[in-house]
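Read through the structure below, which is laid out as structure tokens, and then see the notes.
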Amino acid sequence: MVRSSILDAVHQALEELGVDHVPPGVTVERPANPDHGDWSTNAALVCAKQAKKNPRQLGEELMTALEEAELPHVEGLEIAGPGFINIRLAPSWLHETLREVVTQGTESYARSDIGAGIDVNLEFVSSNPTGPLHAGGGRWGAFGDSLARILHRCGYQPHKEFYINDRGSQTALFGLSLSARKGGKEVPEGGYRGDYVTEWAMEMPDTADPTTWGIGRALQEVEESLAAMHVRFDTWSSEKALVESGAVERTLEQLRDSGHVYVKDNATWLATSELGDDKDRVLIKADGEYTYLLPDIAYHHDKYNRGDIIIDILGADHHGYVPRMRAALIFLGHEPNEYEAIIGQNVKLMRGGEEVKLSKRTGDIIAVDELISELGPDVTRFAYLLQSIDTTQTIDIDLWKAQASENPVFYVQYAHARIHAIGVEAARRGIERHRLEQVDLSGLVDPNELAVLRHLLELEDALVSAARDRAPHRMTTWVRELAAGFHSFYTHCPVLRSDVDPQLQQARLWLVEACRVGLSIGLDLLGVEAPERM
RNA sequence: GCCCGAGUAGCUCAGGGGAUAGAGCAACUGCCUCCUAAGCAGUAGGUCGCAGGUUCGAUUCCUGCCUCGGGCGCCA
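Here it is as structure tokens:
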């Protein structure tokens, strides 16, 4: 609000100075360095050429014009560096922020409508139902679920889906591995040899069909693991059901009608190389079986009925899959821009100073469950969301366990617990928070107090950037910074101490409440608990 | 060879067309007679992989190269 009013004033001033078409590069931003004021504009730099003046000179004139505009809260203007205009505001503008935060509260503060009316279909994890979810898959769970929360707060309607590959050669091999173990035999060549296969084989009833039973067993495991991390799906879509419904055959017909399907070497191919893929892809193998691709195309085809934007979150090992899917969707007449693939880099786990290899086939698995039971769900989830999805992540289990008392999750949660403790102590001392309208906030001028308010003001920007860039870790960063601000405030600005002026005490109580709102929103978007005591 | 991603402090990583590049961990110094020290304050630590280009301005964008990770199946 403040920003847009400043930007408007800048535009107006520029026009008065003869800049007819203000370039879009003119921005009003929060400078990284607090010495550079509360807001800063690059207008003089960007428009210097068009105005045929040097940036400093244009800056001077712009500054004069802005001074005459007498914007609310503006306390001082200065020109600095190559020609930035730095704008310093009176604390009163931040006091308005505080009122806004606590009035709107956890439900309403920092919501955006950039996604209003847009349905987003989000598919993630979709691990093969042939074993427990390994620690790598947990990353997509945490990421996808948090992204859904972020999108939701921005007005989008996210729909979370898990695609179950419950047919095909891998599941068959898994079934054979289960029966082999049940009979005390070695698993077949290329089969699944993890310890869990033997354990599950012992649970399996004699009458059960090993493949069907195994898939159900694995899915149950995966669902529980994800739920432990507060990750839940709206829809579990079965590949098998899709085939049985005839949807796959119908999709194949449509592809044929599109004229990009041909038969070669007894297999049925899709000419994806026409649209940038490295080579054409097989839809139906020479033995008559579908490849993974064909039902998956049918699945994506179907998903267009359920979303305006279709997002897949894939591991880096599947990135080559994207061009062929995109080609197929174009052949089916879909708008390719509505299909988006987010490629996540791998997770490496370290234990005892060595990397732990992750592979279901060899049996070297660190399941998400194991991570959760060792680190706890909050630490696990926060660790996953600490870094950009583009970064190959290394989680050192020993480190996160050993440093449990000093890790960033607790740092943030501790801030929330301290806030609650203030409330409890206030009640014990009989101190009540007065109604907001009756409280004078003008005493909030300490740099620590103002820093916290500035950060709260930036929540919406952080949220929108997290949504636009599909980058939940921006929220992790934001919430850590807010916690840092709160901890500084906490040590430097006592709230309940007897020597604090009652007016100031009231104002600080509301500031604390504003922090609580900010932390609750941030942690909720990450899917991490906000504990009341630690 | 081709296609993705990454190269920023000793380590793990944020950041990103702007003004003196940040955080946590590790190291070193201080701070608990009133709200939880799982905290705070400070010191030290950097040719933002290399070379060109675009720009008033590049660590950020573009190109090339180097290094590392991943992929290049009638597996999924």
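Residue numbers (our numbering): 190 to 723.
Backbone N, C-alpha and C define an ideal beta-carbon position, used for all residues, glycine too.
Residue i versus residue j - alpha carbon distance
| i | j | result |
| --- | --- | --- |
| L574 | E721 | 22 Å |
| Y298 | D423 | 26 Å |
| V208 | E638 | 39 Å |
| T319 | V376 | 14 Å |
| Q409 | G403 | 10 Å |
| I584 | V411 | 21 Å |
| A516 | L464 | 6 Å |
| V471 | L482 | 8 Å |
| Y345 | E378 | 47 Å |
| R705 | L234 | 40 Å |
| I531 | G326 | 14 Å |
| I608 | P661 | 25 Å |
| L633 | E256 | 26 Å |
| L251 | N596 | 47 Å |
| R643 | D467 | 50 Å |
| V309 | I498 | 5 Å |
| A719 | G435 | 47 Å |
| A616 | L714 | 30 Å |
Residue environment, residue i, which counts as buried when at least 16 other CB atoms sit within 10 Å
| i | result |
| --- | --- |
| S229 | buried |
| E702 | buried |
| N354 | buried |
| S335 | buried |
| L356 | It should be noted that the sequence gives Arg, not Leu, for residue 356. Label assigned to R356: buried. |
| T292 | exposed |
| D579 | exposed |
| Q602 | buried |
| E428 | buried |
| R492 | Before going further, note that residue 492 is Lys rather than Arg in the sequence given. K492 comes out buried. |
| R382 | buried |
| T286 | buried |
| R513 | buried |
| T396 | exposed |
Cβ-based neighbour list, residue i, same chain, cut-off 8 Å, excluding 5 preceding and 5 following
| i | result |
| --- | --- |
| L733 | There is simply no residue 733 to check, as the chain begins at 190 and stops at 723 in what is shown. |
| Y360 | According to the sequence shown, residue 360 is Thr rather than Tyr. Correct list, in chain order: N317, P318, T319, N354, T400, G403 and I404. |
Cut-off 6 Å between Cβ atoms - residues of its own chain near residue i, not counting five sequence neighbours on either side
| i | result |
| --- | --- |
| D558 | S414 |
| H262 | L278, A279, S281 and W282 |
| A475 | N455 and A456 |
| A417 | I561 and P566 |
| A656 | I339, L340 and C343 |
| R328 | V536 and Y573 |
| V199 | T230 and A232 |
| Q239 | V208 |
| P220 | S229 |
Beta-carbon gap between residue i and residue j smaller than 9 Å
| i | j | result |
| --- | --- | --- |
| G304 | I274 | no |
| L365 | P399 | yes |
| M664 | A672 | no |
| T581 | Q534 | yes |
| A556 | A324 | yes |
| P484 | L518 | no |
| L630 | H284 | yes |
| A254 | E218 | no |
| A640 | S687 | no |
| V653 | S301 | yes |
| R176 | W389 | No answer is possible for residue 176: the residues shown for the chain start at 190 and end at 723. |
| E524 | D501 | no |
| V668 | L712 | yes |
Close Cβ partners of residue i (< 7 Å) along its chain, the five nearest in sequence each way excluded
| i | result |
| --- | --- |
| V684 | I611, Q694, R697, L698 and V701 |
| G541 | D587 |
| T680 | none |
Report task. Scan the stretch 459-516 and note each continuous alpha helix (DSSP H) run of 4 residues or more that stays entirely inside, going in chain order. Result -> 482-492, all fully within the stretch 459-516.
Requested in this report: Enumerate, from N- to C-terminal direction, the unbroken beta strand (DSSP E) stretches of 3 or more residues contained entirely within the stretch 409-454.
Outcome: List check, beta strand (DSSP E) in window: 424-427 and 450-453.
Query raised in the report: In chain order, which continuous runs of the beta strand (DSSP E) of length 3 or greater are located wholly inside the stretch 198-268?
Result: Entirely contained in the stretch 198-268, the beta strand (DSSP E) runs reaching 3 residues are, in chain order, 228-230.
Query raised in the report: Residue ranges of each beta strand (DSSP E) run of no fewer than 3 residues wholly in the stretch 530-601, ordered along the chain?
Result: Correct list: 536-540, 543-545 and 582-585.
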